[in-house]
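Reading through the structure tokens given below for one structure.
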Amino acid sequence: MTDKISTLIESYSSWTISFDASNPLNTISVVGIDSNIINGEQGCITVEVNLADYKHKIIDISTSSFFIYSSNSRFPIYFRAVNNKIKLSNIIYNLFDENEVITIDPFVMCQQLLANYSNYNFFRQIKLLEYNAKYTLNNNDLSYVASTFQFIENVSVDECIDELLLGCESIFSSGRTISVLLSGGYDSRLNLAISLEMAKKYGNKITLWHEYKDEQEFVFSKNVAESLGIPLNVKDRSTFSESLNQVIFNSNYIRNNGPTYRTNIPRWFNYLHHIKMTDENSIIFGHGAEGHKGKYYNQIDTIGEVTKAFGVDTASVEYIAKALGLEVNNESQISLFDRLQKHSQFYLDLSSKIDFIHYHAYVANGYGVRTHAMSQYFDIPFPFLDEKFLSLVFSLPREDKEEFNLVINIIQKLRPEFLDMPFISANMKSLKSKSLRQKIVHTQVIQSLRKLKMKYFYKTNNAQKITKSQQSILNEFNYIPKSKITLALKKMLDSRVSTPVPYLRYEHTLQLYLFLKLCEDEKNISFVCK
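Using the numbering used here, you'd call the opening residue of the sequence shown number 3 and step up by one each time.
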């Protein structure tokens with residue numbers, strides 16, 4: 003199993019595009035798997051990158067124009083300019099040079115130690131391109147041209163459904179087995195309804211997989227499976243916990259996923275690998291993002307309130323910064339949401355602007371690194387991130403999206419009987435209807451207890467997110483950090499039980515420490531926070 007995991011991790015596709023800013027047409031080069039330069043007519047060049055079922059045009063160059071297109075949130079694109087040399091890559095590690103000093107934004111770093119939302123420029127010399135956007139080159143830097151999302155007038159729900167199903171047909175028409183990740187929520191029920199529709203047309207076999215978290219959700223999932231006569235494969239969350247270290251401490255994994263990957267990826271890694279081993283030709287369907295779900299309308303009355311809805315609590319960031327001996331300000335967060343508000347202005351309706359900002363601040367950036375990894379390692383498709391589909395969804399009137407209306411309408415069209423079965427959902431932010439709230443079983447009592455115990459949780463349980471075996475591996479490193487910040491992170495990890503830091507997510511601290519350590523080791527880089 004260890005060898006298979008390592009081989010799978012090594013399969014990650016890394017590409018880097020480089021060129022001279024003063025003469026890109028004649029100096030461009032591409033290094034990496036599944037990327038190529040297409041020479042067009044009249045001195046034009048297009049650079050494309052292929053990822054699983056997704057092909058994306060990144061660069062168009064001619065003698066008179068130069069455009070860079072970021073992807074949808076299937077993968078990130080990082081940009082760096084050093085003197086006259088421009089580099090783009092899907093792997094942030096590829097943009098570091100040996101023996102240099104890299105500056106970390108302290109606010110962004112402390113925010114990362116609270117939550118995995120990498121929607122800022124973590125390293126000041128490197129830019130993360132905004133997803134679904136068009137850029138041009140301007141004096142060795144990038145200038146934002148426009149979003150590649152479109153506002154489409156008079157959109158109907160049926161148009162959205164048709165576009166989604168069209169995208170799903172391109173994925174599932176091969177007839178391969180569809181392995182559906184089934185939970186108790188709306189998303190997995192929708193995925194299953196779509197899978198059954200595809201199976202009717204293309205003869206796909208369907209298998210169902212459930213990650214056991216609690217009995218109630220398991221019963222809901224089991225009832226759905228039994229209604230279809232399909233066996234439900236059940237695995238407890240702890241089943242593959244012993245294999246976590248094979249992923250977390252793997253140098254290739256650290257190098258490719260960077261300092262900001264979602265911490266649930268290693269847990270899912272071994273589970274999804276197990277699913278693929280039962281049928282290597284299967285398509286795993288799940289882990290979709292939620293840009294289509296019409297959330298947060300009830301929390302935002304004006305566009306100026308998006309920072310409060312989607313931003314990080316500044317006081318918590320300051321608390322972490324103090325523990326690390328750093329000074330921070332929230333200029334990064336202010337800049338991010340000012341930019342997103344400005345870029346959303348081509349939409350007239352507030353709900354559409356909220357959709358756009360929610361996608362960029364949470365869906366794309368919170369899940370972007372996860373979708374990148376899931377696509378790379380397991381060829382998981384993400385039809386709900388299709389640009390045309392989301393353009394249609396964002397253009398819908400509010401009433402067609404809010405309270406899961408679009409999701410419900412798709413299920414109603416494909417499998418109406420699914421709506422008569424209970425759901426369990428954590429997405430209560432989306433709801434104002436009492437009738438719908440009553441239909442969804444929601445663990446509000448458990449959440450209330452969690453809030454009451456939050457102080458205790460952060461001071462004890464959260465410190466145990468780093469296991470004894472992981473601490474043993476860290477101790478075996480016997481590593482003396484080169485940078486002050488790397489040393490501070492190491493001390494936090496070593497003292498997590500004796501003097502835990504409230505609010506700090508120690509599993510995030512570990513992944514950041516391992517990435518900085520790797521860069522110091524392999525490229526002799528020094529990191530500073532300022």
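We put the CB at the ideal spot given by N, CA and C, even for glycine.
For residue i, which beta-bridge partners are listed by DSSP?
| i | result |
| --- | --- |
| TYR71 | LYS136 |
| ALA148 | LYS136 |
| SER20 | SER31 and LYS89 |
| ASN41 | ILE47 |
| LEU210 | VAL182 and LEU234 |
| SER528 | VAL103 |
| ILE286 | SER181 |
| PHE125 | ILE106 |
| LEU130 | TYR80 |
| ASN539 | Lying before the first or after the last residue shown, residue 539 is absent from the chain, which here runs from 3 to 532. |
| ASP143 | ASN140 |
Give the straight-line distance between the Cα atoms of residue i and residue j, rounded to the nearest whole angstrom.
| i | j | result |
| --- | --- | --- |
| LEU90 | ILE482 | 32 Å |
| ILE60 | ALA135 | 10 Å |
| ILE533 | LEU491 | Past the edges of the chain, shown from 3 to 532, lies residue 533, and the structure says nothing about it. |
| ALA325 | ASN300 | 36 Å |
| PHE77 | THR48 | 19 Å |
| LEU520 | ASP160 | 50 Å |
| ASN272 | VAL319 | 32 Å |
| PHE124 | MET111 | 7 Å |
| PHE459 | LYS6 | Residue confidence is low: PHE459 scores 36 on pLDDT, short of 50, so the model does not pin down where it sits. No coordinate-derived value is stated. |
| SER397 | ILE359 | 14 Å |
| SER229 | GLY293 | 29 Å |
| SER16 | PRO418 | 43 Å |
| LYS467 | PRO26 | 47 Å |
| CYS227 | HIS58 | Cys is not the amino acid found at residue 227; the sequence shown has Ala there. Cα to Cα, ALA227 sits roughly 36 Å from HIS58. |
| LEU338 | ARG498 | 32 Å |
| GLU282 | LEU184 | 19 Å |
| ILE413 | LEU192 | 6 Å |
| ILE70 | SER31 | 15 Å |
| GLU333 | VAL236 | 46 Å |
| CYS162 | GLN473 | 49 Å |
| ALA148 | ASN86 | 25 Å |
| TRP211 | VAL182 | 6 Å |
| GLN152 | LYS486 | 46 Å |
| GLU219 | SER190 | 12 Å |
| LEU144 | ILE63 | 14 Å |
Tell me the residue span of the alpha helix (DSSP H) that contains residue i.
| i | result |
| --- | --- |
| ASN235 | No alpha helix (DSSP H) holds ASN235; the beta strand (DSSP E) holding it covers 234-238. |
| ASP164 | 159-174 |
| PHE109 | 108-114 |
| MET534 | Not covered by the structure: residue 534. The range shown for the chain is 3 to 532. |
| LYS324 | 316-326 |
| VAL249 | 246-250 |
| GLN301 | Per DSSP, GLN301 belongs to no alpha helix (DSSP H) and is neither H nor E. |
| THR488 | 486-496 |
| LYS203 | 188-204 |
| ILE475 | 470-479 |
| ASN256 | Reading off the sequence shown, one finds Ile at residue 256, where the question assumed Asn. Where ILE256 is concerned, the enclosing alpha helix (DSSP H) stretches over 253-259. |
Can you tell me where the beta strand (DSSP E) with residue i in it begins and where it stops?
| i | result |
| --- | --- |
| ARG82 | 80-84 |
| LYS57 | 56-63 |
| PHE312 | It is not in any beta strand (DSSP E) - PHE312 instead sits in the alpha helix (DSSP H) that spans 308-312. |
Should residue i go down as buried or exposed, given a rule of 16 or more other Cβ atoms within 10 Å for buried?
| i | result |
| --- | --- |
| TYR395 | Correcting the residue type first, residue 395 is Val in the shown sequence and not Tyr. VAL395 is buried by the Cβ-count criterion. |
| ILE336 | exposed |
| ARG269 | buried |
| GLN347 | exposed |
| LYS436 | The predicted position of LYS436 is uncertain, since its pLDDT is 45 and thus under 50; no value can be drawn from it. |
| ASP388 | buried |
| ASP107 | buried |
| MET279 | exposed |
| GLY327 | exposed |
| ASN315 | A small fix is needed here, since residue 315 is Asp in this sequence, not Asn. Exposed is the call here. |
| LEU501 | Note that residue 501 corresponds to Thr in the displayed sequence, not to Leu. Label assigned to THR501: exposed. |
| ILE79 | buried |
| THR9 | exposed |
| MET423 | exposed |
| LYS215 | exposed |
| ALA317 | exposed |
Could I get the ranges of all uninterrupted alpha helix (DSSP H) runs contained in the stretch 340-418, with 4 residues as the minimum, in chain order? 352-360, 366-380, 389-397 and 407-416
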